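**Student:** Chains as they are written, first to last, in my numbering: chain F, 0 to 111; chain V, 0 to 111.
For each residue, glycine too, the CB sits at the ideal point set by N, CA and C.
Here the structure is a predicted model, which means the values were calculated and not measured.
Here's a structure for you.
Protein chains: 2
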Amino acid sequence: MTNLFQDLNTSPDTGERNLWLLDRPGLRIERIVSTGQASPPGFWYDQAEHEWVVLLQGAAELTIDTPDGLQTVHLIAGDSVELPAHRRHRVESTCADPPTLWLALFWPADSP
Amino acid sequence: MTNLFQDLNTSPDTGERNLWLLDRPGLRIERIVSTGQASPPGFWYDQAEHEWVVLLQGAAELTIDTPDGLQTVHLIAGDSVELPAHRRHRVESTCADPPTLWLALFWPADSP
């Protein structure tokens, strides 16, 4: 299985890179490598699955549309955030050097 | 939420340390910090849940009782292993310096 820290392939020509590490009933695990990318203006993720994401390298800023209003979240290596299904969020910025390395977990909103 | 890389609390007096980072229907996430511990002789993990574990720091050796026989798996930082429910396994050794840091995910074997 792919080593999480190897083959990040962050050449200047490549965009954000997404690798599925595991895809099973009940759980999908993605490695995401960002090099400065951000969500387009006005774009919001609105996902049917639950997500938990941990930042392993680099840094990022998210905006999350919580029941208490918009929250800005600054993430450094080791920080994680839980994003329940349909918790709208966007990526405001990611660090390019070092590349920003995410481990993102997705599981069904209707888990027993 | 706890930063994955902080407060590892690896004083000589403490044993293996386990912190639940998330516990939801469908997914449990644990941070485990090992400092040289191993499974007792003859002990095997035999779990009702599926597991996927990634080693983020340190090193470890597992033995896994696979359908093809016993397999020895050496893990370095970034390596991961999938352990389906009831795939018997044991920890033969873990690195103490630096402490061995695991991120372990557990999800139900009966996921839809």
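By a C-beta neighbour count over all protein chains shown, 10 Å radius and 16 as the cutoff for buried, is V:P107 buried or exposed?
**Tutor:** On the second sequence, residue 107 of chain V is found 108 positions in, with the first residue counted as 1. It is buried - the Cβ of V:P107 has at least 16 other Cβ atoms within 10 Å.
**Student:** Checking the sheet assignment: what are the DSSP bridge partners for V:F105?
**Tutor:** The residue given as residue 105 of chain V occupies position 106 in the second sequence. For V:F105, which the question treats as bridged, DSSP gives the partners V:R27, V:E50.
**Student:** Okay, do the stretch 24–38 of chain V and the stretch 97–106 of chain V touch, 3+ Cβ pairs below 8 Å being the bar?
**Tutor:** yes
**Student:** Which residues of the stretch 15–32 of chain V have a Cβ closer than 9 Å to any Cβ of chain F? Give them in chain order.
**Tutor:** L20, L21, R23, P24, G25, L26, I28
**Student:** Helix, strand or coil for V:E60? Go by DSSP, reduced to three states.
**Tutor:** Locating residue 60 of chain V in the second sequence gives position 61, counting from the first residue. Strand, per DSSP.
**Student:** Rounded to the nearest angstrom, what separates F:A47 and F:E81 at their Cα positions?
**Tutor:** Translated into the one-based positions of the first sequence, residue 47 of chain F becomes position 48. Translated into the one-based positions of the first sequence, residue 81 of chain F becomes position 82. For F:A47 and F:E81, the distance between alpha carbons rounds to 14 Å.
**Student:** Between the Cα of F:W43 and the Cα atoms of F:H73, F:L7, F:L69, F:L104, which residue gives the shortest distance?
**Tutor:** For the purposes of this step, residue 43 of chain F is identified with residue 44 of the first sequence, where counting begins at 1. When only C-alpha atoms are compared, the closest one is F:L69.
**Student:** Could you give the residue range of the beta strand (DSSP E) that holds F:Q70?
**Tutor:** Start at 1 with the first residue of the first sequence, and residue 70 of chain F comes out as number 71. Segment 68–75, the beta strand (DSSP E) holding F:Q70.
**Student:** Is F:P107 close to chain V? Criterion is C-beta to C-beta, closer than 8 Å.
**Tutor:** For the purposes of this step, residue 107 of chain F is taken as residue 108 along the first sequence, with counting starting at 1. Yes, because at least one Cβ of chain V sits closer than 8 Å to the Cβ of F:P107.
**Student:** Quick one: is F:I75 buried, meaning 16 or more other Cβ sit within 10 Å of its Cβ, or exposed?
**Tutor:** As a working note, residue 75 of chain F is residue 76 in the first sequence. Classification of F:I75: exposed, given that the 10 Å Cβ count is below 16.
**Student:** Quickly, what does DSSP pair F:E15 with across the bridge? List them, please.
**Tutor:** On the first sequence, position 16 is the one that residue 15 of chain F refers to. BP columns for F:E15 are empty, so no partner.
**Student:** Going by DSSP, what residues sit across from F:T93 in a beta bridge?
**Tutor:** As a first step, residue 93 of chain F is located in the first sequence; it is residue number 94 there, counting from the start. Answer is F:A59.
**Student:** Using a Cβ-Cβ cutoff of 8 Å, what residues of the stretch 44–60 of chain V are near chain F? List them in chain order.
**Tutor:** H49, W51, V53, L55
**Student:** Determine the chain V residues that contact F:L82 at a beta-carbon separation under 7 Å, and present them in chain order.
**Tutor:** For this step, residue 82 of chain F is matched to residue 83 along the first sequence. Residues of chain V passing the Cβ test: none, with the nearest at roughly 11 Å.
**Student:** So with Cβ pairs under 8 Å, would you call V:Q36 a contact of chain F?
**Tutor:** Numbered from 1 along the second sequence, position 37 holds the residue referred to as residue 36 of chain V. So, not an interface residue.
**Student:** Which residue marks the beginning of the beta strand (DSSP E) containing F:L82, and which one marks its end?
**Tutor:** In the first sequence, residue 82 of chain F corresponds to position 83, counting from 1. Counting along the chain, the beta strand (DSSP E) containing F:L82 begins and ends at 79–82.
**Student:** Kindly indicate which residue of V:S79, V:P66, V:P40 has the alpha-carbon position closest to the one of V:G57.
**Tutor:** The residue labelled residue 57 of chain V in the question sits at position 58 within the second sequence. Ranking V:S79, V:P66, V:P40 by Cα distance to V:G57 puts V:S79 first.
**Student:** Tell me the DSSP bridge mates of F:T99?
**Tutor:** Translated into the one-based positions of the first sequence, residue 99 of chain F becomes position 100. Paired residue(s): F:S33.
**Student:** Indicate whether at least one CB of chain V lies closer than 8 Å to the CB of F:A103.
**Tutor:** Numbered from its first residue, the first sequence carries residue 103 of chain F at position 104. For F:A103, the answer is no, since every Cβ of chain V falls outside 8 Å of its Cβ.
**Student:** Using only alpha-carbon positions, find the residue among F:I31, F:R30, F:L3, F:R87 that is nearest to F:T65.
**Tutor:** Position 66 of the first sequence, counted from the first residue, corresponds to residue 65 of chain F. Measuring from the Cα of F:T65, the nearest candidate turns out to be F:R87.
**Student:** Using the C-alpha atoms, what's the distance from F:T9 back to F:T93?
**Tutor:** Your numbering for residue 93 of chain F matches position 94 in the first sequence. Your numbering for residue 9 of chain F matches position 10 in the first sequence. So the two alpha carbons sit approximately 13 Å from each other.
**Student:** When the distance is taken between beta carbons, is F:L3 closer than 8 Å to V:L104?
**Tutor:** Along the second sequence, one-based indexing puts residue 104 of chain V at 105. Along the first sequence, one-based indexing puts residue 3 of chain F at 4. No, these two residues do not count as a Cβ contact at 8 Å.
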